[in-house]
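For reference, the structure is listed below as structure tokens.
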Amino acid sequence: PSPRKRDSLVTVSVVIPSYNRLPMLREAVASAQAQSVPPKEILIVDDGSSDGTPEAVAAFAGPVPVRLIRQAN
Numbered sequence: 039p040s041p042r043k044r045d046s047l048v049t050v051s052v053v054i055p056s057y058n059r060l061p062m063l064r065e066a067v068a069s070a071q072a073q074s075v076p077p078k079e080i081l082i083v084d085d086g087s088s089d090g091t092p093e094a095v096a097a098f099a100g101p102v103p104v105r106l107i108r109q110a111n
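For the sequence shown, the residue numbers in this note's numbering are 39 to 111.
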């Protein structure tokens, strides 16, 4: 298929693991949202961060849904 048709058939989910890396997490989410083929979803797997990660993820806005999966460290 042509590149344009191929891109319309591609489905991508982005998984970002994180532990107390809030500044880098913001950059990672912004980068994922800016890709030429936007992901269907961005999943952030938080390993019990204590740096405000859950609150920050709740405030992320953009064209791609961002979901938090939290677990104890």
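For glycine and all other residues, C-beta sits at the position ideal for the given N, C-alpha and C.
Given the structure is predicted, the values throughout are model-derived calculations rather than measurements.
Checklist line | For VAL95, the first and last residue of its enclosing beta strand (DSSP E) | finding: Here VAL95 belongs to no beta strand (DSSP E); instead the alpha helix (DSSP H) covers 91-97.
Check: On the three-state DSSP scale, how would you describe ARG105?
Finding: strand
Notebook entry, point to check: Going by beta carbon distance, what residues of the same chain come within less than 7 Å of GLY90, once the five residues before and after it are set aside?
Noted result: LEU60
Notebook entry, point to check: To which residues does DSSP link VAL52 through a beta bridge?
Noted result: ILE80
Check: Can you tell which of ALA110, LEU81, GLN109 has its C-alpha closest to the C-alpha of VAL102?
Finding: LEU81
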